[in-house]
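Participant: All the letters of the sequence shown, read from the start, carry residue numbers -6 to 463 under my numbering. Quick one: this structure, given as structure tokens, is what I'll be asking you about.
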Amino acid sequence: MTKNDTTPKFAVSDIVLGCKVWVNKEGGTRRAEILQQHVKKGNQRFYVHYQDYNKRLDEWIGADRIDYSKELEYAKEKVEEKNSTKSSLKNLKNSKSASAAGTPQPTTAETLEDGEVDLDNLNVQGLKRPGEELTREDELKKLRTGGSMTQNYSEVSRVRNLDTVILGEHIIEPWYFSPYPIELTEEDTIYICDFTLSYFGSRKQFERHRAKCLMKHPPGNEIYRDDVVSFWEIDGRRQRTWCRNLCLLSKLFLDHKTLYYDVDPFLFYVMTKRLAQGHHVVGYFSKEKESADGYNVACILTLPCYQKKGYGKMLIQFLYMLSKVENKNGLPEKPLSDLGLLSYRAYWTDVLVKLLVEAANPHLWKQNNPAASDPSSDLPPPKAGLLEMTIEDIANTLNMTTTDVLHTLSTLQITKYYRGLHVVVITDHIMALYEKLIKKIKDKKKHELDPEKLQWTPPSFTANQLRFGW
């Protein structure tokens, strides 16, 4: 056999669900798992997930893109491991049934007839799957590169069910599965109104709706407005239909989102861009009305058509503005998605670099802060070129948690141990980051929200209003 042997080692008929093949993509070949297959217009098509790549890159491919000269791998080990796991759980249950009698046990998944736990339908956030003992860093790495951070491991949720979404003037390719009605998912394209977020299977239905639609902005209270964006506060209980439509839309781009219909316990803060036709949704974040863990955000998303334009940082800046009014340190619900983690890190880096550099250099603080003369400013100018502050001081000033502050300092690698003290060293790299940030602000490439334009009082709810009933 020659090194470049192209003799086929298998045929299309040998491909079954769960097997792994090599797929031609972007000038090379990538290993991929077959998740689904069907025949469309007489052509065999396969839905594949690329190994070691995020799940949003999954796609439908034709049979001609498969490299038949490389070995085909069947998923025998996966089946044997699953059967072994179920058998072990059954034996464990039988061995402990006598001692466990009368003791209530928490339910984490559906129970099968034999008393086995149905691992395929396990749908509780934060629980490890069998055989996985991951550290926090390993878990984050897996979420970024392993391809799946969904909490629903059913086969249906693994396959993206829409090809194209038309949202207003934007044509968007979805990343993940979203439980839209099955009659819509049979279409190649669905149409979504960018004001009501209602969905339609044909352009004719969509145009009929737009001719009658009178809504020009989200159905809530406008709590912030400047020349670039507006923010709206929406109660999930009062605007169930609109919020459910928002959740269905966001599920197309958030693999870990599990709640689509139970919107009552949440408040939604929607960022819009004002155009001649009205206010168009750019992104949003949601948070629980009453969070036992103190989270200031449950879910956050910038729509793909507005990504890489600074809107993500504006969303994060706004939620920290709300935390400041509430006199709380903001804590995002973990784990963050890969793109969410990058956005938060970028925001934390910006605010921390700005704070530390200006604390050590009062003249820069006065020069680059228009409100420097305001006595109510969060950071009064230091008396000397060096400012002593604790991690708690930094966290309280920026309304971050101490964990997030330490994480950012560690990422920047600017903490040193000097003469028995932990010190922060302002390196040339940090100064370069600061100068780049200030230049973006002055050149208006980075839009800063103005806290003075926020018109908002933290909402309070009675016990009856917090009930999750219908």
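Glycine residues also receive a C-beta, built at the ideal position from the N, C-alpha and C atoms.
According to DSSP, is E166 part of a helix, a strand, or is it coil?
Facilitator: Of the three classes helix, strand and coil, the one that applies to E166 here is coil, per DSSP.
Participant: Is DSSP giving D331 helix, strand or coil here?
Facilitator: In the structure shown, D331 sits in a helix (DSSP, three-state: H, G or I).
Participant: Who are A25's beta bridge partners in DSSP?
Facilitator: Note: A25 sits in a beta bridge opposite V14 and Y43.
Participant: Between K306, K209 and M264, which lies nearest to G333 when the distance is taken from Cα to Cα?
Facilitator: The shortest C-alpha separation from G333 is found at K306.
Participant: Who are the Cβ neighbours of L345 in its own chain at under 6 Å, not counting the five residues just before and after it?
Facilitator: The residues are T401.
Participant: Taking DSSP as the reference, what is the three-state secondary structure of F199?
Facilitator: Of the three classes helix, strand and coil, the one that applies to F199 here is helix, per DSSP.
Participant: Taking the continuous alpha helix (DSSP H) assigned at G271, which residues delimit it?
Facilitator: Here G271 belongs to no alpha helix (DSSP H); instead the beta strand (DSSP E) covers G271 to E281.
Participant: Taking the straight line between their C-alpha atoms, what separation do you get for G303 and M264?
Facilitator: The alpha-carbon atoms of G303 and M264 are separated by roughly 12 Å.
Participant: According to DSSP, simplified to helix, strand and coil, what is F454?
Facilitator: Coil.
Participant: On the premise that T182 lies in contact with T157, defined as a C-beta separation below 8 Å, what is that separation, rounded to the nearest angstrom?
Facilitator: That pair is a contact at about 4 Å.
Participant: Going by beta carbon distance, what residues of the same chain come within less than 6 Å of I387, once the five residues before and after it are set aside?
Facilitator: So the list reads V398, once near-sequence residues are dropped.
Participant: Report yes if the C-beta distance between C292 and L349 is below 8 Å; otherwise report no.
Facilitator: Contact: no.
Participant: With H, G and I counted as helix, E and B as strand and the rest as coil, what does DSSP make of H292?
Facilitator: Note that residue 292 is Cys in the sequence shown, not His. Residue state, collapsed to three classes: strand.
Participant: If distances are taken between C-alpha atoms only, which option among L426, N214 and V221 comes closest to G229?
Facilitator: Nearest option by C-alpha distance: N214.
Participant: Relative to the C-alpha of D343, which candidate in V275, H440, V416 and K409 has its C-alpha closest?
Facilitator: D343 has its Cα closest to that of H440, out of V275, H440, V416 and K409.
Participant: Can you tell me the Cα-Cα spacing of I159 and P328, whole angstroms?
Facilitator: So the two alpha carbons sit approximately 30 Å from each other.
Participant: Less than 6 Å between C-beta atoms, sequence neighbours within five positions excluded: which residues of the same chain meet that for T450?
Facilitator: Counting only Cβ-Cβ distances below 6 Å, and skipping sequence neighbours, we find nothing.
Participant: Comparing C-alpha positions only, which one of E64, R23 and Y337 sits nearest to Q44?
Facilitator: Selected option, being the one with the closest Cα: R23.
Participant: Work out the CA separation of G194 and D331 for me, nearest whole Å.
Facilitator: About 31 Å.
Participant: Please confirm whether H42 and K48 have their CB atoms less than 8 Å apart.
Facilitator: Contact: yes.
Participant: Note down the Cα distance separating L28 from T455, rounded to an integer number of angstroms.
Facilitator: For L28 and T455, the distance between alpha carbons rounds to 47 Å.
Participant: Apply the 10 Å Cβ neighbour rule to A352 and answer buried if 16 or more other Cβ atoms are within range, or exposed otherwise.
Facilitator: Per the 10 Å Cβ criterion, buried.
Participant: Counting pairs of Cβ atoms below 8 Å between the segment -4 to 11 and the segment 58 to 70, do you hit three or more?
Facilitator: They touch, by the three-pair rule.
Participant: Could you give the first and the last residue of the continuous alpha helix (DSSP H) run that contains Y313?
Facilitator: Y304 to V318 is the extent of the alpha helix (DSSP H) around Y313.
Participant: To the nearest angstrom, report how far apart N457 and E281 are at their CA atoms.
Facilitator: Cα to Cα, the separation comes out at about 15 Å.
Participant: Determine the extent of the beta strand (DSSP E) in which M264 is found, giving its start and end residues.
Facilitator: Where M264 is concerned, the enclosing beta strand (DSSP E) stretches over F259 to L268.
Participant: Quick check on the burial criterion: 16 or more other C-beta atoms within 10 angstroms. Buried or exposed for T383?
Facilitator: Counting Cβ neighbours within 10 Å, T383 comes out exposed, since fewer than 16 surround it.
Participant: Going by the DSSP bridge assignment, what does F224 pair with across the sheet?
Facilitator: DSSP, once it has assigned bridges, lists Y217 and M264 as partnering F224.
Participant: With a threshold of 16 other CB atoms inside 10 Å of the CB of P258, please say whether the residue is buried or exposed.
Facilitator: The residue is buried, with at least 16 neighbouring Cβ atoms inside 10 Å.
Participant: Pick out whichever of K209, I164 and G413 has its Cα sitting closest to the Cα of G271.
Facilitator: Among K209, I164 and G413, the Cα nearest to that of G271 is on K209.
Participant: Around the Cβ of P167, are there at least 16 other Cβ atoms within 10 angstroms (buried) or fewer (exposed)?
Facilitator: When all chains shown are included, P167 counts as buried.
Participant: Measure the Cβ-Cβ separation of T394 and L324 and say whether it is below 8 Å.
Facilitator: The answer is yes: Cβ separation under 8 Å.
Participant: What does DSSP give as the partner residues of W449 in its beta bridges?
Facilitator: According to DSSP, W449 bridges with nothing at all.
Participant: Would the beta-carbon of S191 fall within 8 Å of that of N238?
Facilitator: Contact flag set, yes.
Participant: Alpha carbon to alpha carbon, how far is N361 from L260?
Facilitator: Cα to Cα, the separation comes out at about 35 Å.
Participant: In angstroms with no decimal places, state the Cα-to-Cα distance between K63 and A4.
Facilitator: Taking the straight line from one Cα to the other gives about 11 Å.
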